[in-house]
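Student: Structure incoming, see below.
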Amino acid sequence: MRTNGTGGTGTRGTGTVDRRGLLKLAGGSLAALGLTAAGCGTGSGSDGGIVTIRYAWWGSDDRAKRITRTIALFEKKFPKIKVKTDFQPYLDFWKKFNTQASGGNPPDVFQNAVGFLRKYDAKNVLLDLRGQVDAGNLKLDGFRAGLEKFGEVDGKLLGVPVGSNSMALVVDQAVFRKAGITPKPGWTWDEYYAALAKIRDTQGRAGDSGMFSVMYLYDMYLRQHGKAFYTAEGLGFTEADLTAWWNKAYEGVKSGIYADPKKVSQARPKSAVAAELAASEFTWDNFTIRYTSEGKSQYGLAPIPTTDGKRTGQYLGSLMLSASRRTKHPEEVAQFINFMVHDPEVARIMGYDRGVPATTAQYEAFKPTDPVNRQIAAYEKQLVDTGVLEPITPHPAGADVAEAAFLRIAEEMALGRRSVPDAVQQFFSEAKTAFGS
Amino acid sequence: MTHLQTAAAPETATAGSGPRPGPPGPAPKARPPAARRRARRENLAGYLFMSPWITGFLLLTAGPMAASLYFAFTDYNLFDAPRWIGLRNFTDMFADPRWRQSVDVTLWYVVVGTPLKLAAALGVALLLNQKRRGQGFYRAAFYAPSLIGASVSIAIVWRAIFSDDAIVDRAQRALFGSDVGGWIGDPDWIVYSLVALTVWQFGAPMVIFLAGLKQVPRELYEAAEVDGAGPWRRFWNITLPMISPVLFFNVLLETIHSFQIFGSAYILGGSNGTCGPADATLVYTCYLYVQGFENSRMGLASAMAWMLLLAVGLVTAVLFWSQRRWVHYEEDGR
Numbered sequence: 001m002r003t004n005g006t007g008g009t010g011t012r013g014t015g016t017v018d019r020r021g022l023l024k025l026a027g028g029s030l031a032a033l034g035l036t037a038a039g040c041g042t043g044s045g046s047d048g049g050i051v052t053i054r055y056a057w058w059g060s061d062d063r064a065k066r067i068t069r070t071i072a073l074f075e076k077k078f079p080k081i082k083v084k085t086d087f088q089p090y091l092d093f094w095k096k097f098n099t100q101a102s103g104g105n106p107p108d109v110f111q112n113a114v115g116f117l118r119k120y121d122a123k124n125v126l127l128d129l130r131g132q133v134d135a136g137n138l139k140l141d142g143f144r145a146g147l148e149k150f151g152e153v154d155g156k157l158l159g160v161p162v163g164s165n166s167m168a169l170v171v172d173q174a175v176f177r178k179a180g181i182t183p184k185p186g187w188t189w190d191e192y193y194a195a196l197a198k199i200r201d202t203q204g205r206a207g208d209s210g211m212f213s214v215m216y217l218y219d220m221y222l223r224q225h226g227k228a229f230y231t232a233e234g235l236g237f238t239e240a241d242l243t244a245w246w247n248k249a250y251e252g253v254k255s256g257i258y259a260d261p262k263k264v265s266q267a268r269p270k271s272a273v274a275a276e277l278a279a280s281e282f283t284w285d286n287f288t289i290r291y292t293s294e295g296k297s298q299y300g301l302a303p304i305p306t307t308d309g310k311r312t313g314q315y316l317g318s319l320m321l322s323a324s325r326r327t328k329h330p331e332e333v334a335q336f337i338n339f340m341v342h343d344p345e346v347a348r349i350m351g352y353d354r355g356v357p358a359t360t361a362q363y364e365a366f367k368p369t370d371p372v373n374r375q376i377a378a379y380e381k382q383l384v385d386t387g388v389l390e391p392i393t394p395h396p397a398g399a400d401v402a403e404a405a406f407l408r409i410a411e412e413m414a415l416g417r418r419s420v421p422d423a424v425q426q427f428f429s430e431a432k433t434a435f436g437s
Numbered sequence: 001m002t003h004l005q006t007a008a009a010p011e012t013a014t015a016g017s018g019p020r021p022g023p024p025g026p027a028p029k030a031r032p033p034a035a036r037r038r039a040r041r042e043n044l045a046g047y048l049f050m051s052p053w054i055t056g057f058l059l060l061t062a063g064p065m066a067a068s069l070y071f072a073f074t075d076y077n078l079f080d081a082p083r084w085i086g087l088r089n090f091t092d093m094f095a096d097p098r099w100r101q102s103v104d105v106t107l108w109y110v111v112v113g114t115p116l117k118l119a120a121a122l123g124v125a126l127l128l129n130q131k132r133r134g135q136g137f138y139r140a141a142f143y144a145p146s147l148i149g150a151s152v153s154i155a156i157v158w159r160a161i162f163s164d165d166a167i168v169d170r171a172q173r174a175l176f177g178s179d180v181g182g183w184i185g186d187p188d189w190i191v192y193s194l195v196a197l198t199v200w201q202f203g204a205p206m207v208i209f210l211a212g213l214k215q216v217p218r219e220l221y222e223a224a225e226v227d228g229a230g231p232w233r234r235f236w237n238i239t240l241p242m243i244s245p246v247l248f249f250n251v252l253l254e255t256i257h258s259f260q261i262f263g264s265a266y267i268l269g270g271s272n273g274t275c276g277p278a279d280a281t282l283v284y285t286c287y288l289y290v291q292g293f294e295n296s297r298m299g300l301a302s303a304m305a306w307m308l309l310l311a312v313g314l315v316t317a318v319l320f321w322s323q324r325r326w327v328h329y330e331e332d333g334r
């Protein structure tokens with residue numbers, strides 16, 4: 001741990017340990033029961049005019065390599081700012097972040113997503129970047145259509161998007177071709193289910209990996225019916241809606257158009273499509289890159305099925321960069337974010353790893369040459385051209401807990417550990433707790 | 001050995017044993033002030049030398065425990081100040097089916113895993129107690145897993161061994177032609193891989209058993225052999241009673257350990273924010289961790305921790321009570 005003369009954890013530089021600090025200290029020490037409390041924070045400070053900021057994000061090793069290169073570039077152009085990084089896989093990231101933030105020591109700048117904006121805003125963790133925009137340290141022009149207001153919640157600018165992605169149907173192209181299926185924009189759910197049955201009958205493989213637990217797909221399905229998964233306060237659907245959705249899924253498992261959930265679970269962390277258990281799967285379009293490295297076949301993107309032949313309910317999702325309200329260097333953090341979203345060189349390094357770059361300058365700077373990235377680009381372009389994109393609903397506080405419950409309970413139901421009515425009841429009860437606190 | 005006996009059951013260990021310090025004599029005369037000052041100085045020095053430990057205990061053990069006891073009766077999300085809610089955390093806990101699932105999983109794990117581990121430890125200790133060439137090597141080899149076993153890396157290796165299309169999966173396909181697949185992603189099987197991991201780490205109790213076996217007097221075996229007792233009878237009537245204090249110690253320690261299992265269960269099963277597919281390895285501490293650090297319900301997590309403490313205390317008390325029936329302490333305080 002680095003000391004910088006401004007006081008360590010708990011004292012907050014005042015020299016006295018206040019009651020709140022003590023409680024936090026104590027809360028963190030549940031470690032006494034053999035738990036591992038994550039994270040020993042390092043204070044960021046300034047030595048000799050050089051400012052150090054901490055940057056935390058989630059992702060894979062491949063992303064780590066790319067990000068390290070972008071930081072080297074940043075430090076070269078801003079020699080007075082040093083960036084310390086910290087990364088984990090997605091779920092571990094949020095556990096560590098939560099612990100750090102509650103201890104008053106979150107990273108200065110960090111990767112963020114729409115599901116966490118309201119949650120951490122309600123807990124006073126996020127910096128309103130509007131002030132830095134006004135001060136000229138952060139430019140908000142040049143964002144691609146649909147992304148300008150992405151990180152805004154209740155008039156506050158809580159995050160700046162670095163890239164966009166959208167839900168898609170990832171398909172094993174070889175299997176679809178052999179089964180003679182050509183997905184087209186505007187195809188309906190009935191056509192999709194027929195295709196799955198055909199794949200099952202002709203290719204000896206399930207058509208889909210099982211869609212019951214894909215929360216974002218269910219959200220789109222609800223939107224096709226004029227509802228949504230989330231409202232600003234909680235759930236935007238009824239128990240009857242979810243029962244119908246999961247009943248359909250349950251039947252699909254029984255009839256073999258969805259892969260055996262047990263096999264899917266066993267294949268993890270490999271995806272069911274790459275493991276050749278299923279021919280298609282609903283997920284984010286930039287995940288295609290991952291499938292290609294995992295599996296042997298060629299993977300492509302197909303449009304989301306619709307109910308009425310037009311509306312898909314799709315919207316752009318995005319990774320963002322947010323800043324901590326407790327940062328001692330808001331100016332440097334803003335300069336860092338500005339660099340990461342606007343500098344063309346960054347886009348050439350990152351590619352579509354975090355989705356399609358959010359600003360036009362970066363979008364123009366990276367023109368993919370490999371087939372996978374080109375497909376992603378074409379897919380997103382087609383979404384814009386056909387005009388199916390809708391605005392996203394900022395998730396309410398507690399959405400992350402509700403999503404985890406949705407995933408888990410859907411899996412229990414798929415594995416036959418719960419009946420559909422039981423699963424629905426359990427989810428609504430857990431969601432109530434999640435949004436209540 | 002002696003420290004085990006006295007620690008385990010002072011009342012029986014000291015009964016009728018050797019000379020004891022006699023009853024206190026007449027009160028000593030008041031000491032001269034110089035001696036008293038010296039004694040006080042010595043005490044002070046003692047406290048001074050102990051102060052790092054005392055500080056550590058107060059700050060890192062007693063303080064957090066007191067705080068956690070307070071949190072157990074509050075709604076505390078780590079960010080906002082704790083709010084007193086009385087017994088709500090406890091009623092919430094008992095009403096939560098996931099909590100009951102975690103209790104079931106933990107009890108199953110304790111009841112199945114602990115005896116298996118102790119049986120393995122005792123079995124290997126018996127083998128290693130014989131005079132053979134290279135015993136030192138075997139002892140080291142069998143003890144090694146429990147040295148490294150506590151580490152996260154072993155759980156990750158275990159995960160690799162038992163996952164789909166890995167060694168275990170291939171072996172069971174080759175040997176039995178079965179289609180079970182990897183154990184890690186299978187809600188019916190993953191818990192067995194957890195038990196296998198704990199059994200494999202039998203080194204620590206094994207060393208203690210070995211020490212116990214060394215204490216059993218050879219004359220007893222020789223006498224029994226003369227009387228025509230077979231190996232099984234010798235084990236049952238001599239070895240087991242003679243090592244029963246050690247056995248008791250191991251049962252106690254391993255049971256408490258099993259209740260507290262966290263790391264291996266979390267790493268083996270925690271692939272997507274849960275503990276095992278369909279909560280199959282949702283051990284108590286794993287759920288405690290989920291509630292505290294994922295759902296930000298630190299008050300509830302504290303309540304769960306105190307509940308665990310109570311449960312472990314209760315089980316320990318029952319074990320201590322039961323030892324009167326099956327633990328034999330040597331009369332001569334050997």
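In the order they appear, the protein sequences are chains P and R.
Residue numbers in the first sequence follow full-length UniProt numbering, run continuously in steps of one, and reach 437 at the last position.
Residue numbers in the second sequence follow full-length UniProt numbering, run continuously in steps of one, and reach 334 at the last position.
We put the CB at the ideal spot given by N, CA and C, even for glycine.
1) Taking the alpha-carbon of P:S213 as reference, which of P:E281, P:E191, P:L147 has the nearest alpha-carbon?
2) Taking C-beta to C-beta, are P:L138 and P:N338 nearer than 8 Å?
3) Name the DSSP bridge partner or partners of P:M320?
4) In three-state terms, what does DSSP make of R:S51?
5) Identify whether R:S151 lies in helix, strand or coil by the three-state DSSP scheme.
6) Rounding to the nearest angstrom, what Cα-Cα distance links P:G142 and P:T360 in this structure?
7) Based on DSSP bridge pairs, tell me the residues matched to P:P357.
8) State buried or exposed for P:A421, treating a residue as buried only when at least 16 other CB atoms are found within 10 Å of its CB.
9) Work out the CA separation of P:L129 and P:G43 for me, nearest whole Å.
10) Look at the alpha carbon of R:F293 and the alpha carbon of R:A305, and state the distance between them as a whole number of angstroms.
11) What residues from chain R crowd round P:E412, counting only those whose CB sits closer than 8 Å?
12) From the DSSP output, read off the bridge partner residues of P:L169.
13) Thinking C-alpha only, which one of P:F87, P:R54, P:D121 is nearest P:A397?
14) Restricting to runs no shorter than 4 residues, where is the alpha helix (DSSP H) found entirely within the stretch 228–300 of chain R?
15) Got a sec? Which residues, its chain only, sit under 6 Å from P:A347 by beta carbon, not counting five neighbours each side?
16) On the DSSP bridge list, what partners appear for P:Q88?
17) CA-CA distance, P:D241 and P:A399?
18) Can you check whether the CB of P:G300 is closer than 8 Å to the CB of residue 442 of chain P?
19) Does the stretch 329–338 of chain P come close enough to the stretch 100–115 of chain P to have 3 or more Cβ pairs within less than 8 Å?
20) What first and last residue would you give for the alpha helix (DSSP H) that runs through P:D267?
21) Measuring only the C-alpha atoms, how far is P:R417 from P:K248?
22) Locate the beta strand (DSSP E) running through P:A207, then write down its first and last residues.
23) Can you grab the Cα-Cα spacing for the pair P:R311 / P:H225, in whole Å?
24) Tell me the rounded alpha-carbon separation between R:R98 and P:D134.
25) Under three-state DSSP, which class holds P:R417?
26) Between the Cα of P:A232 and the Cα atoms of P:W57, P:P394, P:R66, which residue gives the shortest distance?
27) Looking only at its chain, what residues have a beta carbon closer than 6 Å to the beta carbon of P:P79, apart from the 5 residues adjacent to it on each side?
28) Between P:F93, P:R54, P:T85, which has its C-alpha nearest P:R69's C-alpha?
29) Please list, in chain order, the chain P residues whose beta carbon lies closer than 7 Å to that of R:N295.
30) Are the C-beta atoms of P:K263 and some chain R residue less than 8 Å apart?
31) Give the residues from the stretch 88–100 of chain P that approach chain R closer than 7 Å (Cβ to any Cβ), ordered along the chain.
32) Do we get a CB-CB distance below 8 Å when we pair P:Q266 with the residues of chain R?
33) Considering only the alpha carbon of each residue, which of R:Y284, R:M298, R:I154, R:N250 lies closest to R:Q323?
34) Exposed or buried, what is P:R200 when buried is set at 16 or more other beta-carbons lying within 10 Å of its beta-carbon?
35) Excluding the 5 residues flanking P:T292 on each side, which residues of the same chain have their C-beta closer than 7 Å to its C-beta?
36) Quick one: using the 10 Å Cβ neighbour count with 16 as the cut-off for buried, is R:I156 buried or exposed?
Tutor: Short version:
1) As a position in the first sequence, residue 213 of chain P is number 213, starting the count at 1. Nearest of P:E281, P:E191, P:L147 to P:S213, Cα basis: P:E281.
2) By 1-based counting over the first sequence, the position of residue 138 of chain P is 138. By 1-based counting over the first sequence, the position of residue 338 of chain P is 338. Yes.
3) As a working note, residue 320 of chain P is residue 320 in the first sequence. In the DSSP secondary-structure assignment, P:M320 is bridged to P:N112, P:P161.
4) For this step, residue 51 of chain R is matched to residue 51 along the second sequence. R:S51: helix per DSSP, three-state reduction.
5) For the purposes of this step, residue 151 of chain R is taken as residue 151 along the second sequence, with counting starting at 1. DSSP places R:S151 in coil when its eight states are reduced to three.
6) Reading the first sequence from its first residue, position 142 is the one you call residue 142 of chain P. Reading the first sequence from its first residue, position 360 is the one you call residue 360 of chain P. Going by the C-alpha atoms only, they are around 6 Å apart.
7) For the purposes of this step, residue 357 of chain P is identified with residue 357 of the first sequence, where counting begins at 1. DSSP lists P:G163 as partners of P:P357.
8) If you number the first sequence from 1, residue 421 of chain P lands on position 421. One point to set straight first is that residue 421 of chain P is Pro, not Ala, in the sequence displayed. Per the 10 Å Cβ criterion, exposed.
9) Mapped onto the first sequence, residue 43 of chain P falls at position 43. Mapped onto the first sequence, residue 129 of chain P falls at position 129. Note that P:G43 scores a pLDDT of 44, beneath 50, so its modelled location is shaky and nothing firm can be said.
10) As a working mapping, residue 293 of chain R is identified with position 293 in the second sequence. As a working mapping, residue 305 of chain R is identified with position 305 in the second sequence. Whole-angstrom Cα-Cα distance: 14 Å.
11) For this step, residue 412 of chain P is matched to residue 412 along the first sequence. Under the 8 Å cutoff, chain R gives A278, D279.
12) For this step, residue 169 of chain P is matched to residue 169 along the first sequence. Looking at the DSSP output, P:L169 bridges to P:F282, P:A302.
13) In the first sequence, residue 397 of chain P corresponds to position 397, counting from 1. Of P:F87, P:R54, P:D121, the residue nearest in Cα terms is P:D121.
14) 231–234, 240–259, 263–269, 284–289
15) Taking the first sequence and counting its residues from 1, one reaches residue 347 of chain P at position 347. Same-chain partners within the cutoff: P357, Q362, A365, F366.
16) By one-based count along the first sequence, residue 88 of chain P stands at place 88. Partner(s): P:W58.
17) If you number the first sequence from 1, residue 241 of chain P lands on position 241. If you number the first sequence from 1, residue 399 of chain P lands on position 399. One C-alpha to the other measures close to 18 Å.
18) One cannot answer for residue 442 of chain P here, as it falls past the ends of chain P, which runs 1 to 437.
19) yes
20) What you label residue 267 of chain P is simply residue 267 of the first sequence in a count that begins at 1. The question names Asp, but residue 267 of chain P in the sequence shown is Ala. First-last of the alpha helix (DSSP H) with P:A267: 261–267.
21) Counting from 1 along the first sequence, the entry for residue 417 of chain P is found at position 417. Counting from 1 along the first sequence, the entry for residue 248 of chain P is found at position 248. About 17 Å.
22) Taking the first residue of the first sequence as position 1, residue 207 of chain P is located at position 207. The residue you asked about is not Ala; residue 207 of chain P is Gly in the sequence shown. From DSSP, the beta strand (DSSP E) with P:G207 extends over 206–208.
23) Within the first sequence, numbered from 1, the residue matching residue 311 of chain P stands at position 311. Within the first sequence, numbered from 1, the residue matching residue 225 of chain P stands at position 225. Each residue's alpha carbon lies about 9 Å from the other.
24) Reading the second sequence from its first residue, position 98 is the one you call residue 98 of chain R. Reading the first sequence from its first residue, position 134 is the one you call residue 134 of chain P. If I take the Cα positions, the gap works out to 49 Å.
25) Taking the first sequence and counting its residues from 1, the one referred to as residue 417 of chain P is at position 417. Residue state, collapsed to three classes: coil.
26) As a working note, residue 232 of chain P is residue 232 in the first sequence. It is P:P394.
27) Locating residue 79 of chain P in the first sequence gives position 79, where the first residue counts as 1. Excluding sequence neighbours, P:P79 sits near nothing in its chain.
28) On the first sequence, residue 69 of chain P is found 69 positions in, with the first residue counted as 1. Looking at the Cα atoms, P:T85 is the closest of the given residues.
29) Position 295 of the second sequence, counted from the start, is the residue given in the question as residue 295 of chain R. Correct list: V401.
30) Your numbering for residue 263 of chain P matches position 263 in the first sequence. Yes, P:K263 lies at the interface with chain R (some Cβ there is under 8 Å from its Cβ).
31) Going along the stretch 88–100 of chain P in chain order, one finds L91, K95, N98, T99 with a Cβ nearer than 7 Å to chain R.
32) Indexing the first sequence from 1 puts residue 266 of chain P at position 266. It does: the Cβ of P:Q266 has a partner Cβ on chain R nearer than 8 Å.
33) In the second sequence, residue 323 of chain R corresponds to position 323, counting from 1. Out of R:Y284, R:M298, R:I154, R:N250, the CA that lies nearest to the CA of R:Q323 is found in R:N250.
34) By one-based count along the first sequence, residue 200 of chain P stands at place 200. When all chains shown are included, P:R200 counts as buried.
35) Numbered from its first residue, the first sequence carries residue 292 of chain P at position 292. Within the same chain, P:T292 has close Cβ partners Y299, V372.
36) Counted from its first residue, the second sequence places residue 156 of chain R at position 156. By the Cβ-count criterion, R:I156 is exposed, with fewer than 16 other Cβ atoms from all chains shown falling within 10 Å of its own Cβ.
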